[in-house]
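Before any comments, here is the structure.
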């Protein structure tokens, strides 16, 4: 077992996450399914409890004190997210259910206005289904074309092919910041600049990036950025869509209902200002508060230190996995974050997953909602171990031992 | 380890490594494809029925050890059985995988009882039943893809 050379006090951090002390099949839990969802620290769980115990009420409505408290808590969370992403204005932070809803919102509002017959939307070959299907639906409806930037054998996006694909008919680019299936970090800055040279707006799916990398939306220059709370140590059911004011203002609303209006009559409804125009109905206030707490937790730990530690862990895990006979890593791009996707020769990923589960190790086995990636590498499924700031070298060793058990069973 | 050995019994591992009747039929009277959207497993089952009796049966496809061994052992246990007997066997097999108590007709299952360990792994039940659902579609002459969902 290797001991971390950095000053990262992982044992102290693990105390912040109650679930990490659970047992699974009589063994201490090794949670390596963080790309699916991350675990929650005490501060997040307590923020939810505190909100429901002391402040719960509806927002932007009541005249009473509790409603004021709830509104304040909700708007404080928005301001915290604005600072976290370094967005220019808090009105550019829209609460959604998660990344999937963020992308659908843009597809159904901006997309439906911008894309017409013969127009093109550009994505890459390593997108999650949630950054494929909304654009397919849009292109089908509008008779547009979905164009897909290829990836190479290492799982790296072909940037030259991407640049050549941008053209007169490109209306939008939608790309992942970090691939959920392979961990590849995309050169989003360069890709955004190339699109902007042609005045094409860019949406970045940041679901797998925000927990691992420092994200500054103004430095990136992206037009939309979206991520999920639950992969970022926050609650499920809450996420964020960032959009530039100028674009958000020209977009029609997504859902109609309460809170997104200024006035309603049967003849005419006047929509509310940003960000409320996009937040119809009672929002997930507790979720927003919990997400604010999660981002506060990450700020305290500092994302540069988180990234450095996770990188160390990734290098160690990559070395150990690569040394195992019959194990092949899928996705070997130099720039990767927190994901190890692999196949075990002669053993289906689901059998690997079951055997590891019995050893107390939680991984994901399957197509990771990225079936085109599996097709690209001509495999049905992979086993995916995805890391978080609380994982340890010892846990990587347990994964390796678990894979030894797989060999034992399957010969 | 005991749960693990219960699930991955030697017979299952053997059928996974060397699946029986892993072939296409020249005389098929029914054919269906099965798909498990959860894991992407695909299986094609072909049957040759003669006077309501399964004269030949084969399968093709890819999947986990449980689904492959289940398909392989299904083909072995169904040759010479009538359509009705095959359907009855599926019902018994299904209750072996999903019910707390062993089915009353457990002895009819023969070697198929090695799948009893799957009961402890509810997410894997669909792996073990994919080939059987597909068989049912092949016997019914349905055209659509059989799904575990």
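Protein chains in written order, with the numbering used here: chain A, 686 to 1096; chain B, 456 to 604.
C-beta atoms are modelled at their ideal positions from N, C-alpha and C, and glycine is treated no differently.
{"Item": "By DSSP, does residue 826 of chain A sit in helix, in strand, or in coil?", "Value": "helix"}
{"Item": "Sorry if obvious, but does the Cβ on residue 585 of chain B come closer than 7 angstroms to a heavy atom of the ligand ADP?", "Value": "Absence of the ligand ADP is noted for the structure shown, with no ligands found whatsoever."}
{"Item": "Compare the C-beta of residue 478 of chain B with all C-beta atoms of chain A and state if any pair is closer than 8 angstroms.", "Value": "no"}
{"Item": "Answer with yes or no whether the minimum CB distance from residue 701 of chain A to chain B is below 8 angstroms.", "Value": "no"}
{"Item": "Of all the residues that make up the segment 506 to 520 of chain B, which are near chain A by a beta-carbon distance shorter than 8 angstroms?", "Value": "517, 518, 519 and 520"}
{"Item": "Does any CB atom of chain A fall closer than 8 angstroms to the CB of residue 459 of chain B?", "Value": "yes"}
{"Item": "Considering residue 591 of chain B, what are the terminal residues of the alpha helix (DSSP H) in which it resides?", "Value": "580 to 595"}
{"Item": "Using a Cβ-Cβ distance cut-off of 8 angstroms, determine whether residue 552 of chain B contacts chain A.", "Value": "no"}
{"Item": "Can you tell me whether residue 942 of chain A is buried or exposed? The criterion is at least 16 other CB atoms within 10 Å of its CB, across all chains shown.", "Value": "exposed"}
{"Item": "Name the two residues that bound the continuous beta strand (DSSP E) containing residue 961 of chain A.", "Value": "Counting along the chain, residue 961 of chain A falls outside any beta strand (DSSP E), and DSSP gives it neither H nor E."}
{"Item": "How is the beta strand (DSSP E) around residue 1095 of chain A delimited, first residue to last?", "Value": "Taken as a continuous stretch (DSSP letters only), residue 1095 of chain A belongs to no beta strand (DSSP E), being part of the alpha helix (DSSP H) at 1078 to 1095."}
{"Item": "Residues of chain A with CB closer than 9 angstroms to the CB of residue 463 of chain B, please, in chain order.", "Value": "1036, 1039, 1040, 1094 and 1095"}
{"Item": "What are the start and end residues of the alpha helix (DSSP H) that includes residue 522 of chain B?", "Value": "520 to 533"}
{"Item": "Are at least three pairs of beta-carbons, each pair with one atom in the segment 519 to 528 of chain B and one in the segment 582 to 594 of chain B, less than 8 angstroms apart?", "Value": "yes"}
{"Item": "Residue range of the alpha helix (DSSP H) that residue 985 of chain A falls in?", "Value": "970 to 986"}
{"Item": "To the nearest angstrom, report how far apart residue 967 of chain A and residue 956 of chain A are at their CA atoms.", "Value": "16 angstroms"}
{"Item": "At a Cβ cut of 8 angstroms, what residues of the segment 1039 to 1063 of chain A count as close to chain B, listed as they run along the chain?", "Value": "1039, 1040, 1043, 1050, 1051, 1052, 1056 and 1059"}
{"Item": "Can you give the Cα-Cα distance for residue 858 of chain A and residue 779 of chain A, rounded to whole angstroms?", "Value": "20 angstroms"}
{"Item": "Rounded to a whole number of angstroms, what is the C-alpha to C-alpha distance between residue 595 of chain B and residue 810 of chain A?", "Value": "39 angstroms"}
{"Item": "I'd like to know whether the C-beta of residue 1033 of chain A is nearer than 8 angstroms to at least one C-beta of chain B.", "Value": "yes"}
{"Item": "Is it true that the segment 970 to 983 of chain A meets the segment 1039 to 1057 of chain A, where meeting means three or more beta-carbon pairs spaced less than 8 angstroms apart?", "Value": "no"}
{"Item": "Going by the DSSP bridge assignment, what does residue 1025 of chain A pair with across the sheet?", "Value": "A:1070"}
{"Item": "Is it a yes or a no for the segment 805 to 821 of chain A touching the segment 782 to 797 of chain A, going by three-plus beta-carbon pairs under 8 angstroms?", "Value": "yes"}
{"Item": "Chain A partners of residue 576 of chain B, CB-CB under 7 angstroms?", "Value": "1039"}
{"Item": "Our contact map puts residue 495 of chain B next to residue 538 of chain B with C-beta atoms below 8 angstroms; I'd like the distance itself, whole angstroms only.", "Value": "30 angstroms between Cβ atoms; not a contact."}
{"Item": "Using C-beta distances below 6 angstroms, list every residue in its chain close to residue 728 of chain A, excluding the 5 sequence neighbours before and after it, in chain order.", "Value": "978 and 982"}
{"Item": "Can you pull the chain A residues whose beta carbon is under 8 angstroms from the beta carbon of residue 579 of chain B, in chain order?", "Value": "1035 and 1039"}
{"Item": "Evaluate residue 479 of chain B with the Cβ neighbour count: other Cβ atoms within 10 Å of its Cβ, from every protein chain shown; 16 or more gives buried, anything less gives exposed.", "Value": "exposed"}
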